[in-house]
Structure formats: C-alpha cells, structure tokens
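Chains as they are written, first to last, in numbering that gives the first Met the number 0: chain A, 0 to 157; chain B, 0 to 437.
Worksheet: the structure to be examined is printed underneath.
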Amino acid sequence: MLTEELRTALEAKIAGAAHPQEYVVDVLFALQDHYGHLTDEAVAEAAQLVGMPVVAVEELTTFYPFLYREPVGRYVINVCDSVVCWMDGHESLQNHLMERLGIAMGETTADGLFTLLPVCCIGYCDRAPAILVNKKVYGELTPEKLDDLLETLRREAE
Amino acid sequence: MTTTYPQILFQNRHADRIATLEEYAASGGYEALRQMIAGGDRAQVQAAIQEATLLGRGGAAFPMGIKLSTVAADAPFPRYLVCNADEMEPGTFKDRVLLHADPHQLIEGMVLTGFAIQAAKGIIFIRPEYENAARILEREVALARQAGYLGEKILGSDFSFEIDVHRSGGRYICGEVTAQLNALMGKRPNPQQPPPYPTESGLWGRPTVIQNVETLSCVPHIVRNGAQWFKDLALTESGAGTKLFAVSGHVNRPGCYELPMGVPLSEIIEEHAGGMRPGSEFKACLPGGASTQFLTRQFYDIPMDFDSLKKAGHRLGTGAIMIFDHKTCMVAATLNLMDFFARESCGWCTPCREGLPYIRDLLQRIERGEGEAAFIPMLEEMSKYLWNAYCAFAPGAVSPLQGLLTYFRDEVEEHITAHRCPFQASGSGALDNRSQTD
Ligand SMILES: Cc1cc2nc3c(=O)[nH]c(=O)nc-3n(C[C@H](O)[C@H](O)[C@H](O)COP(=O)(O)O)c2cc1C
Ligand code: SF4
Ligand code: FES
Chain A
0 MLTEELRTAL EAKIAGAAHP QEYVVDVLFA LQDHYGHLTD EAVAEAAQLV
50 GMPVVAVEEL TTFYPFLYRE PVGRYVINVC DSVVCWMDGH ESLQNHLMER
100 LGIAMGETTA DGLFTLLPVC CIGYCDRAPA ILVNKKVYGE LTPEKLDDLL
150 ETLRREAE
Chain B
0 MTTTYPQILF QNRHADRIAT LEEYAASGGY EALRQMIAGG DRAQVQAAIQ
50 EATLLGRGGA AFPMGIKLST VAADAPFPRY LVCNADEMEP GTFKDRVLLH
100 ADPHQLIEGM VLTGFAIQAA KGIIFIRPEY ENAARILERE VALARQAGYL
150 GEKILGSDFS FEIDVHRSGG RYICGEVTAQ LNALMGKRPN PQQPPPYPTE
200 SGLWGRPTVI QNVETLSCVP HIVRNGAQWF KDLALTESGA GTKLFAVSGH
250 VNRPGCYELP MGVPLSEIIE EHAGGMRPGS EFKACLPGGA STQFLTRQFY
300 DIPMDFDSLK KAGHRLGTGA IMIFDHKTCM VAATLNLMDF FARESCGWCT
350 PCREGLPYIR DLLQRIERGE GEAAFIPMLE EMSKYLWNAY CAFAPGAVSP
400 LQGLLTYFRD EVEEHITAHR CPFQASGSGA LDNRSQTD
C-alpha cells in the first residue's frame, strides 16, 4: 500500500499537468523506491495515478533497465560491460564481484544485500572500469578497491 | 609540450566544481540573451546559427540552422524544445563533463533557441546514470529563473519560457529523436519514422526541435561573438567551432578535451591524451562512438572534423574517440560492440531484432575458434540487411562490423584458419595493464 504522504506528493506533482503520462517514469521510480521493486500492486497504482492502462505501464517496466519488476537487494551493483570497460578489465572485475558475493550476474545475495546486474556504458569511460552502486558511480576500480567498497557498504547496512 | 587552443565551452571549467551563474555571467554569459531580447529579432538568432554552420554534435551532424528553419512561421503553439542529454552511445561522456563544467551556457542556449522558434517550454531529457547532473540542472535552472533569465516575461520582455528536467529510465534507443519523443510522452520508446517530422508534429503533436547538449551550448557563444568568429575557431576550412573530444581506451590521459574542429587525430592522441600507455602501440580507434567505423593507422593524421571524415568514408559521430592498442583482438572488440547493440535493439523491427543476435553469434563462434570461412560472406550479407531496418540504430550498429571486415579481414581469417583467437591472453585485458599516471 502507498502511504498517504507519498500518494499526496505524487498526486500534487501530476495535478495540473496537461499530460499526466509524461510523469509515468517518475511515478514508477518513486513507487520502486517505496516498495523496493515494482510489485503488481505498484504497477497498478502507477497506472491509476497517471491514467494509463496497466498494460501500457507494463510496456515501460519491461523496457527500462532501471525499473525492477522483481525484488532486488539493498544495493544494486551495475557492472559496465561496454567496450571501454571491457578493454580495461571488466571481465576480471565482474568475476571478482561474483566470487566475493557468491552469486552470478542477475542474482541477489541470500542476505538481500547485493544484486549484480550488467549495464551498458554509463558514460564514465574516462574512469574505466566503472560500476554503479544504486546509481552512484565508482570508477578506476581494482579488486582491492572493490573489496574496500563492499566492506564499506556492508558496514553502512548494519 | 601540449598545444593550447582557445577554450570556449570549457572556459569556466574547474577541476573540482561547476561554474556558478556569477562566473558564467562574468565571462559574458547571458549577454547574448539580453541583446536578443532587447532587439526582439527572433530571426537573428537563427540566422547566426545557420551562418555559423553549427552542425549537430549528437552524432548526426545535421545543421541546426536548417532544422530551426523547418519550424514554419505559422506552425501551431505551444512549441517545444528538447535537449538531448541521453548520451548512451558507448565511449561518449562529453555531455556529462560539459554539464558538470558550466551548465548555464546550456540554459542560455536553450532560452535563445526557444526564443528563436517561439517555444513555450524546454525539456532536458537525461539518462538515469547522470542523476548528479540532473540535480545540478534543476538547481541552476531555479537560479536562472530567480535572475530573470527564465520563466515569465524574461528580462522584462513578453517572452516566457520554462525548462524542465526529465529523467529517463535508461536504454540507448531513447537517444534517437522520435524514440525520445515517445519516451517523453510516457510511451514505450520505439522510434517513429517521419514524416511527419518532429519540427512539424513532435511532442503532443506540436512542433518540436531536439538538439544535443553540446550543440545548444554553442549557441550563446555564436550569437554573442558572431558566425565568422565561430568558423574561425576551426583549424580546417570545412570545420566550424570547437569540438569536445571524449577520449578513452589505451591512452595515458583519458578525458574530455575541447579542441578546434579539424585537429589531427594524432595530435589528440599524442599530445592531449598523453600518448599511448607504456607498452601500447596504436592499432585503431572508433572516432565518434560505438556506431562509427574503426579508423586504422592509415588515418592516423586525419583532421577531425565532420567533412574530412566523411570524405574518407567515415563519420565523426559524437567525437568520442576510443583507442585500441596492438594487443587488442578486433574480433573480440567488435563482438563486445555487437553484444551492446543486440541488447539495446528496441525490438520493433525484424532485421535489427533478429539480425544483431545472429551477427553476434557468428562473431562469438569466430572468436572461440569455431568459425568457418563461410561466416565472412554471411556477416557481410547480414550487415547489408541491417541498412533496411526501421531506424538509424541498425546502420550505426553494423558500422564497427563493416570496419572489422574492411580493415581487419586478415585478423578475422586468422581466427578461422587457426581455430583460435591469436590474441588469447589479451583483449578483456588484465586490470594491471592500466597506467597509473591519471
Ligand atoms: C540509436 C540512436 C541513439 C542516439 N543517441 C543520442 C544521444 O544519446 N544524444 C544525442 O544528442 N543524440 C543522439 N542521437 C542522435 C539524435 O537522433 C539526434 O540526431 C540529435 O539528438 C539531434 O541533435 P543535434 O543535431 O544537436 O546533434 C542518437 C541517434 C540514434 C539513431
Ligand atoms: S532498427 Fe532496431 S532500434 Fe530501430 S526500430 Fe528497428 S529494432 Fe528498433
Ligand atoms: S564503457 Fe564503461 S563507462 Fe563507458
């Protein structure tokens, strides 16, 4: 269920818009933040808020990589696998992450802390190899830096 | 010694922070807007842009002045201006650097362009990975509004113009104009073949102009300093203005450099990007993002402007230069690029949706040493089909493949005859081959 507060905030944002549909992605992001991922309920609520058919909203949730239709961990790690990061060791970085977390790409750790996903070039090729953690960029990574980062995130989550 | 050139778009760039509105204004910012608003002559803005031969910096190099002229005088209202800050072309990061350096030139460029076409609203379409830049823009837009450069009755005139920031959900195809318009309208972002052209019927069926961040950022400088000044910035007769080159790959100083149009590729690599990394020799580069063809050693001194590359059968694209050294397997590099395009295909039309995975599969087999001689003509045939796809995504997608087959055919053949990748150990290189100088 949406909190009254969030519903009011979203309605206020949409109110007065000549075309409420233009806010659909914003609304989906807000609901995703609220529920952790886009549940069936969230998709239905988004559709109702912006006045679109549910199926039209599903066309978006299945299209955009940053909209999650399944549960994800507290930290979503997107590993860039495009060509510049590839040149600079994306593969060993990715292998290192999978090994440290004990999961494959696309999976979430049992403690619900980390999800690993591939991502296309994130526009930080000058700092390759790069990853995103909850959309925040970390670049010029080495296995050591990754270990430190994972450690920091684990501590932060406690 | 590194040759230095006038910095226009980066004149207020600081290493660690963005330029403030005050700094931008002190360097002459918002003067062009004052002049144009005071003079009230909308046609003057478009004329200056057209005369300066400002070519679109988003990849297609379409002249902005001509695009503006396609908004008919009697076109309906409200009209829209969209700033394309999607920047999802692999290797491209110039707009990100520009937005973090001096965002007010984009804001002024948008207001001026909005003024020229009598638009009511400007929308900045930005990718989710650039959340920082989106926040910077929202903050600076509010400051510009407070200062009277934006909003109701700008600088006391009867022109009103708003700017909104729209966050995308991701996907490379959203950078294509018509897909972007669909995305903005909350639809699944599949492209829509013209006609009608967006300048006739775009967002919500209204006239809409879409320009890249860098293109719009050039506008205030052109209006203030004149078309001739802009043309004279280039080193070549065929070029105009400066260009932001985003350089990455096997060089010592990857980064974004503002250089005159027409600067030789070799100078960019050797001087500005600090040369090849120790132990690396230049093998090839993609000159303008993932959807351009490989430039090989024979083009090492080519002047980097749209026209020179076009004459050589290439494209400057976004000016994102990705540099590969002699240890890179070009089959593997192309495979990575094809994997990107296969994943990012929007799926709307068959040649692209089905053709790219097919190409990827053939390349993968070649890379694994399972290739056959017949694969080469198959790849050639397939890439021809992609030119018949619904939008410009597909011809762009096969550009690196066509480059591979033109310039590195012997390497492809070697994979096939030796039943293995001759570069085995390299390619997706070890982490430690990265230089420590940055
Ligand atoms: C698949 C595809 C992706 C594109 N991505 C971008 C992009 O991210 N940013 C951009 O400015 N232009 C992009 N373009 C080019 C735009 O379609 C368009 O030409 C450009 O935004 C117009 O602005 P300009 O003339 O100022 O460059 C893309 C084109 C295609 C076909
Ligand atoms: S060419 Fe590719 S990206 Fe363009 S419409 Fe067809 S499937 Fe979509
Ligand atoms: S290729 Fe990884 S950030 Fe561009």
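C-beta atoms are modelled at their ideal positions from N, C-alpha and C, and glycine is treated no differently.
The beta carbons of Cys-348(B) and Ala-388(B) sit closer together than 8 Å.
Using beta-carbon distances, Met-104(A) does not count as an interface residue toward chain B, since no partner is under 8 Å. Neighbours of Glu-58(A) in chain B, taken as residues whose beta carbon is under 9 Å from its own, are Lys-186 and Arg-187 in chain order. For Phe-323(B), the Cβ stays outside the 7 Å cut-off from all heavy atoms of ligand 1. The continuous stretches of beta strand (DSSP E) do not include His-249(B), and DSSP gives it neither H nor E.
Contact between Glu-107(B) and Tyr-79(B) is absent: CB atoms are separated by about 18 Å, not below the 8 Å threshold. Spanning the alpha carbons of Arg-352(B) and Ile-76(A) requires a straight line of approximately 27 Å. For Ile-116(B), the closest C-alpha among the options Ser-382(B), Leu-264(B), Val-81(B) and Glu-413(B) is that of Val-81(B). Beta-bridge pairing by DSSP links Arg-166(B) to Ile-125(B).
In the same chain as Lys-242(B), and ignoring 5 residues on each side of it, the C-beta atoms closer than 6 Å to its own belong to Met-260 and Gly-318, in chain order.
By the rule that beta-carbons nearer than 8 Å mark a contact, Gly-72(A) does not touch chain B. Not one heavy atom of ligand 2 is found less than 7 Å from the C-beta of Trp-85(A). Taking C-beta separations shorter than 6 Å and ignoring five residues to either side along the sequence, the partners of Gly-113(B) in its chain run Leu-80, Gly-121 and Phe-160, following chain order. Beta-bridge pairing by DSSP links Thr-114(A) to Val-75(A) and Thr-107(A). For Asp-324(B), the three-state secondary structure derived from DSSP is strand. Rounded to whole angstroms, the gap between the alpha carbons of Ser-200(B) and Gln-210(B) is 16 Å.
The alpha carbon of Asp-360(B) has as its nearest neighbour, out of Asp-338(B), Tyr-196(B), Ser-216(B) and Ala-59(B), the alpha carbon of Asp-338(B). The C-alpha of Leu-315(B) lies about 18 Å from the C-alpha of Cys-217(B). Chain-ordered, the chain B residues with CB closer than 7 Å to the CB of Lys-134(A) read Pro-127, Glu-128 and Glu-130. Distances between the C-beta of Asn-83(B) and the heavy atoms of ligand 1 include at least one below 7 Å.
Look at Val-23(A): its C-beta is under 8 Å from a C-beta on chain B. The beta-bridge partner set that DSSP reports for Gly-150(B) consists of Phe-160(B). Taking 8 Å as the upper bound for CB-CB distance, Glu-86(B) and Arg-126(B) are in contact here, some 6 Å apart.
Within the region 48-115 of chain B, the complete beta strand (DSSP E) runs of at least 3 residues fall at 78-84. Fully contained in the region 195-274 of chain B are the following alpha helix (DSSP H) runs of length 4 or more, in chain order: 212-224 and 226-231. Identification of chain A residues near Arg-166(B) by a Cβ-Cβ cut-off of 9 Å yields Val-24, Asp-25 and Phe-28, ordered along the chain.
Rounded to the nearest angstrom, the Cβ distance from Ile-267(B) to Phe-244(B) is 6 Å, consistent with a contact under 8 Å. For Phe-61(B), the shortest C-beta to heavy atom distance toward ligand 2 is 7 Å or greater. Here DSSP, grouped into helix, strand and coil, assigns Pro-188(B) to coil.
Taking 7 Å as the Cβ-Cβ cut-off, the region 100-124 of chain A approaches chain B at Cys-119, Cys-120, Ile-121, Gly-122, Tyr-123 and Cys-124, given in chain order.
The criterion of a C-beta distance shorter than 8 Å is not satisfied by Ile-123(B) and Val-96(B). Cβ-Cβ separation between Glu-128(B) and Gly-122(A): approximately 6 Å, consistent with a contact (criterion under 8 Å).
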